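Asker: Protein chains in written order, with full-length UniProt numbering: chain A, 1 to 415; chain B, 1 to 312; chain C, 1 to 358. Cβ coordinates follow ideal geometry from the N, Cα and C atoms, glycine included. Here the structure is a predicted model, which is why all the values come from computation and not from measurement.
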Amino acid sequence: MTDISSSLTTADGRPLKAALAAAQARARRKAFLLVAPLLLFVVVTFILPIGQMLQRSVYHDGFSKAAPNLSQWFSANPEGTVPDEAAYAALVADLVQMKKDKTVGEAGTRINYTLPGTRSLFTSAARKSESLQPPYKEAMIALDAEWGKAELWGAMRSSASPWTSDFYLIATDRKRDSDGSVVMVPENQRIYIWLFAKTFILSGVITFVCLLLAFPIAHLLATLPMSKSNLLMILVLLPFWTSLLVRTTSWIVLLQGQGVVNNVLVSLGLIGDDGRIAMIYNQTGTIIVMTHILLPFMVLPLYSVMRTIKPSYARAARSLGATSWTTFRRIYLPQTLPGMGAGALLVFILAVGYYITPALVGGADGQLISNLIQFHMSKSNWSLAAALSGMLLVGVLLLYWLYDRLVGIDKLKLG
Amino acid sequence: MALPVYADPLERIWYYTYHAICVAIFLFLIAPILIVIPLSFNAEPYFTFTQKMLTLDPEGYSLRWYDLLLTFGMAAPDVPRDSSWWADAWANAHWVKAAKNSVVIGFWSTIVATVLGTLAALGLARNEMPYRRVIMAVLISPMIVPIIIIATGLFFFYSNPCSVIGMECGRLTSTYTGVVLAHATLGIPFVIITVTATLIGFDQSLSRAAASLGASPQRTFFKIMLPLILPGVVSGALFAFVTSFDEVVAVLFIAGPEQQTIPRQMWNGIRESISPAILSVATILVIISILLLATVELLRRRSERIRGVTPQ
Amino acid sequence: MKKILALTTAMTVVAFAASAETTLTVMSWGGAYGEAQTEGHVKPFIAKTGINTVMTDADNPAPVIKSQVEAGNVTIDVASVEYADAIRLCDEGLLEPIDAAALPAGADGTPAADDFLPGAVTECGVSTDVWANVFAYDSSKFPEGPTTAADFFDLEKFPGKRGLRKGAKAVLELALMGDGVPAAEVYDLLSTPEGLDRAFAKLDTIKKDVIWWEAGAQAPQLLADGEVAMTTAYNGRIFAAAINEGKPFQIVWDGQIYENEMYVVPKGAPNKDTAMQFIQFATSTEGLRGQAQHISYGPSRKSAMKEELIFKDGKTVMAPHLPTSPDNMKNALLTSADFWVDHDAELNERFNAWLAAN
Chain A
1 MTDISSSLTT ADGRPLKAAL AAAQARARRK AFLLVAPLLL FVVVTFILPI GQMLQRSVYH
61 DGFSKAAPNL SQWFSANPEG TVPDEAAYAA LVADLVQMKK DKTVGEAGTR INYTLPGTRS
121 LFTSAARKSE SLQPPYKEAM IALDAEWGKA ELWGAMRSSA SPWTSDFYLI ATDRKRDSDG
181 SVVMVPENQR IYIWLFAKTF ILSGVITFVC LLLAFPIAHL LATLPMSKSN LLMILVLLPF
241 WTSLLVRTTS WIVLLQGQGV VNNVLVSLGL IGDDGRIAMI YNQTGTIIVM THILLPFMVL
301 PLYSVMRTIK PSYARAARSL GATSWTTFRR IYLPQTLPGM GAGALLVFIL AVGYYITPAL
361 VGGADGQLIS NLIQFHMSKS NWSLAAALSG MLLVGVLLLY WLYDRLVGID KLKLG
Chain B
1 MALPVYADPL ERIWYYTYHA ICVAIFLFLI APILIVIPLS FNAEPYFTFT QKMLTLDPEG
61 YSLRWYDLLL TFGMAAPDVP RDSSWWADAW ANAHWVKAAK NSVVIGFWST IVATVLGTLA
121 ALGLARNEMP YRRVIMAVLI SPMIVPIIII ATGLFFFYSN PCSVIGMECG RLTSTYTGVV
181 LAHATLGIPF VIITVTATLI GFDQSLSRAA ASLGASPQRT FFKIMLPLIL PGVVSGALFA
241 FVTSFDEVVA VLFIAGPEQQ TIPRQMWNGI RESISPAILS VATILVIISI LLLATVELLR
301 RRSERIRGVT PQ
Chain C
1 MKKILALTTA MTVVAFAASA ETTLTVMSWG GAYGEAQTEG HVKPFIAKTG INTVMTDADN
61 PAPVIKSQVE AGNVTIDVAS VEYADAIRLC DEGLLEPIDA AALPAGADGT PAADDFLPGA
121 VTECGVSTDV WANVFAYDSS KFPEGPTTAA DFFDLEKFPG KRGLRKGAKA VLELALMGDG
181 VPAAEVYDLL STPEGLDRAF AKLDTIKKDV IWWEAGAQAP QLLADGEVAM TTAYNGRIFA
241 AAINEGKPFQ IVWDGQIYEN EMYVVPKGAP NKDTAMQFIQ FATSTEGLRG QAQHISYGPS
301 RKSAMKEELI FKDGKTVMAP HLPTSPDNMK NALLTSADFW VDHDAELNER FNAWLAAN
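1) Mind reading off the beta-carbon distance from T232/C to V130/C? Whole number of angstroms is fine, and I expect it under 8 Å.
2) Contact defined as beta carbons within less than 8 Å: I believe T335/C pairs with E259/C. What is the distance between those atoms, to the nearest angstrom?
3) Please work out which residues of its chain come closer than 8 Å, Cβ to Cβ, to I76/C, disregarding the five sequence neighbours upstream and downstream, and give them in chain order.
4) In chain C, which residues lie with their C-beta within 8 Å of the C-beta of residue 426/A?
5) Are the beta-carbon atoms of T9/A and L20/A separated by less than 9 Å?
6) For P146/C, which of K48/C, Q221/C, V252/C, A337/C has the nearest alpha-carbon?
7) In chain C, what lies closer than 8 Å to Y281/A by C-beta?
8) Could you run through the region 239-250 of chain A and flag, in chain order, every residue whose CB is less than 9 Å away from some CB of chain B?
9) Please name the residue or residues paired with W42/B in a DSSP beta bridge.
10) Could one say the Cβ of T45/A lies closer than 9 Å to chain B's Cβ atoms, at least one of them?
11) Ordered along the chain, which non-local residues of its own chain (more than five positions away) have a Cβ less than 7 Å from that of M306/A?
12) Around the Cβ of F16/C, are there at least 16 other Cβ atoms within 10 angstroms (buried) or fewer (exposed)?
13) Would you say Q102/B lies against chain C (beta-carbon separation less than 9 Å)?
14) Quick one: using the 10 Å Cβ neighbour count with 16 as the cut-off for buried, is E247/B buried or exposed?
15) According to a CB-to-CB cut-off of less than 7 Å, which residues of the region 166-200 of chain C neighbour chain A?
16) For V341/C, which option in K48/C, A84/C, G34/C, E35/C has the closest C-alpha, if you only look at C-alpha atoms?
17) What residue ranges within the region 41-122 of chain C form continuous alpha helix (DSSP H) runs of no fewer than 4 residues, ordered along the chain?
18) Please decide whether V305/A counts as near chain C, where near means a Cβ-Cβ distance under 9 Å.
19) Which chain A residues are close to L39/B, counting only those with a beta carbon under 7 Å from its beta carbon?
20) Against chain F, with Cβ distances strictly below 9 Å, would T185/B count as a contact?
21) Is the beta carbon of G366/A less than 9 Å from the beta carbon of N263/A?
22) Please name the residue in H60/A, S64/A, V246/A whose C-alpha comes closest to that of Q265/B.
23) Go ahead and label A75/B buried or exposed: buried means 16 or more other beta carbons lie within 10 angstroms of its beta carbon, across all protein chains shown.
24) Using the beta-carbon of each residue, which ones in chain A are nearer than 7 Å to K66/C?
25) Whole angstroms is fine: what's the gap from L235/A's alpha carbon to I369/A's?
26) Tell me the rounded alpha-carbon separation between A255/B and A79/C.
27) Just to confirm my understanding: we take M377/A, look at its own chain, exclude 5 residues before and 5 after, and list those with CB closer than 8 Å. What are they?
28) Given a threshold of 16 other Cβ atoms within 10 Å of its Cβ, counted over all protein chains shown, does E85/A qualify as buried or as exposed?
29) From L412/A to V5/B, what does the alpha carbon distance come to, in whole angstroms?
30) Are any of the Cβ atoms in chain A nearer than 9 Å to that of V138/B?
31) Which residues in chain C have a C-beta closer than 8 Å to the C-beta of N268/B? List them in chain order.
32) Could you tell me whether the Cβ of R208/B comes closer than 9 Å to any Cβ of chain A?
33) Classify F249/C as helix, strand or coil using the three-state DSSP reduction.
34) What number of angstroms, rounded off, separates the C-alpha of V233/B from the C-alpha of T152/B?
35) Can you tell me which of the three DSSP states Q259/B falls into?
36) In whole angstroms, what separates the C-alpha of E70/C from that of K379/A?
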């Protein structure tokens, strides 16, 4: 076999196998060259920025840059060393410099992340730093007894290196206690894990409601004659093409206290004027509006799967004596599973990262993790925002990978 | 789906209940979009139907909120409406400015996304494409990754784009270029998806036939391939345009006051005080989306017809 | 092809025609206040100098400055921030220092140093007005309205939702005053852990009935929409809604928390010199009067208050609506800049944890 194929040659005498390989390589190169510009574009305007941002989740030089003397002392003395006079002298020298360079705010903020409630220690100590006299240890502790505490020194030690895992600890409601071991923060200070859980739960609820609403209409569209279903399809596609902000506005108009729905209920006498239902600026608002916005993403894949289901199976089941419910449950439903899976996964992925709608209609309890990321961004708390982004991104990419495995991204359809 | 003749009474009841449920769901989908249209003509600054509106009294309706779209931000809105008034509105009115920005940014980001996206889709459709699956996943990911993460990344990156190669070279925040590039990235997945979908139905033997008849690859592309995949390319472009036209988070993070777009302006309005002016903008946007949707549907049918694909 | 070329050229012209000259960017708080500064400062400044100036909004410009300067991405030239923020940002090196000597004398010739109220000019900022955090209610709902800070927390006597600014500042103070702490003792108490616990405990009593607002314009809107029975607000916003739009809103001045509002220039502002020029113009006697005719915040120069201030409607006398009016000052608290400079970050953190806890 090999003998024959290697002895075959092209017209100009080259071995056929090599010519074929060369042609294939050329074709591959050509195909790749077509994709290359876009790939480069996406890497530069998308992947690189996100990577760069994520780096901030493990890097913060706010304290290490401002406190060179202390950083030196920390690297010279191993963990567990009780801070001596030299350590306090280094601290005071750094505080004096921080005051001069106006960096104390940033440095104090960095420690404050690791050990909440300590920023003002630094700002007030820096203000008085120039008048401090040796022995510095006594002088500092006289300023505030906090300066003698091991926990504070632990926080300074972990902040003295710009590379840190502190922000991932914070983002998972953990902290280091005074002996350096990782523990959960007290119950009443836990925010992030609960919010992640809430985001996933709410997304799950929204996905489920979408599925409930999409199933009947997708089925109707799939079983109607093409001309009619095309018309009805417009009712699904129009919301899909309408601006997100327009749809959110409409829902505010409909659902707010003095809105259309409440007014109708009041004028029908179903509720009193003072018993208007709070349907927006809370979790309910987030669920209703996001369900409306994401519903088309569920209808479209369900519809395209349902279109391919042949009615003959159902007829066969009926003729063999199955009730209509059994036919639906045993014959029809299993065939729609791929569509349900594709739609549910897509809706869930999009819901988990939603920002605009919760921000506008979520009120206090309808906010999702994206809103908290924005909050920390707006407070210049970048490293924590990056750590939360990193965790959210991992979650979303896992789901995306699952979608690709189960459905295939090339199956994604837009109307 | 007609009721089969052998249906029993229970099935009959279910049949009608089922249709009632479907009507309710369709209403849920479409009513919120249509409700803003009549309300935008409200003569009063409220968001509900006034008694006058319900009795169809012409006094209950007015165009004042549409008028406000023009006058809000004008230097001298109260002078007689001659050509200088219109010039003032064109130059100064906030919503007009926002509309200009939205169109310009949408236009350029669509061009970038469509050209790069179509080229890439052509490559991805070839059987020889190496690492097809991974690359496809990467190119679609701007649609999947939460927008807040993208915007946050761009905020830092645009502050100093050359920092990755350790240099300083100005910045892209508060520039039109920055917003255009960001929106192009967000629009790319849509172009890839629609063009790839069209290419799946494309008969490669047509290209080979052209090539065997002596056409250059460029000529083959422009004369044979492009006309056939054009409907897909145009719908992809429309998707990309709508994506940009509707995008607010990236604009919030990276745009300056000079790059205020319609969604950005709406965002302010919704958060602070929803005046019915927002509803008149919403109405205009709904009409635009109806037009766009109609275009895309026509293109899809045309594409199916010329490719000989029967609607499934 | 030619058409496309023509179109793209047209697009480019439209896009870049506006951005050719320098543009001064002023960031303020939006709504009625942003409008007052647009009318009182921005428009006259454009008319006088011909420099293109745009106004842009934020819920609070201070964190925007911080994030822009730290990201090396400064796009705003002038910003309007709260007093404590002006000092804190200055301490952190995020603001350009102000040349106090360059501020113009008052219209009556008084040198700037004597004309400004005490504390109105700091290292990095110049005051534009004195404003207050107050709470307001709809008098058509409560004819016998609430009169004291304690009433804000009395859900039995005055049932209904409450609007509060989402943040620790001014909320903790109000909670203590609502719990019967006299204004003079508020900050001493807040500096102790017990005092803080007491403030949060007071907030706990209304927590489930609170709707939190962020942008200043949201507060009067919540009241107008009937979403809340009463809400804290910046006093000028309530004034604007009551006088301009004829809403039946009443301000309760008991327990008001007042402070200076400052114009500042972020470090590395793209048009620093023009920004300084803008501030000198805006904080002149005419500039301050110009703004004060549009919103009920007291001007920070003595010379600006010599003549009676009349609202732009031509009839409303401003004096009784200002936070500094003697009638309104009976139980008033001056925001402690020292306290908030040091504790802002920590207390907001605790506040957010409290808010997130169920």
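Answerer: On the basis of the coordinates in this document:
1) Not confirmed; about 17 Å, so no contact.
2) 4 Å
3) T25, V26, M27, T56, P61, V64, I65, Q68, P266, A269
4) The requested residue 426/A does not occur in the structure, where chain A is confined to residues 1 to 415.
5) no
6) V252/C
7) Those are I211, E227, listed as they occur along chain C.
8) P239, F240, W241, T242, S243, L244, L245, V246, R247, T248, T249, S250
9) Checking the sequence shown, residue 42/B turns out to be Asn, not Trp. Answer by DSSP bridge pairing, in chain order: Y61/B.
10) yes
11) A218, H219, A222, T336, G339
12) For F16/C, the pLDDT reaches just 48, beneath the cut-off of 50, and the residue's location in the model is therefore unreliable, leaving the point undetermined.
13) Going by the sequence as given, residue 102/B is Ser instead of Gln. No, S102/B does not count as interfacial toward chain C.
14) With 16 or more neighbouring CB atoms inside 10 Å of its own CB, E247/B falls in the buried class.
15) none
16) V341/C has its Cα closest to that of A84/C, out of K48/C, A84/C, G34/C, E35/C.
17) 43-49, 61-70, 83-91, 112-115
18) When Cβ-Cβ separations below 9 Å define contact, V305/A makes no contact with chain C.
19) V253
20) No chain F is present in this structure, whose protein chains are A, B and C.
21) With contacts defined by Cβ atoms closer than 9 Å, G366/A and N263/A do not form a contacting pair.
22) Looking at the Cα atoms, V246/A is the closest of the given residues.
23) exposed
24) S380
25) Rounded to whole angstroms, L235/A to I369/A spans 31 Å at the Cα level.
26) 17 Å
27) A385
28) exposed
29) Each residue's Cα considered, the two are about 38 Å apart.
30) yes
31) G30, D57
32) no
33) strand
34) Cα-Cα distance, rounded: 30 Å.
35) Look at Q259/B here: in three-state DSSP terms it is helix.
36) 11 Å
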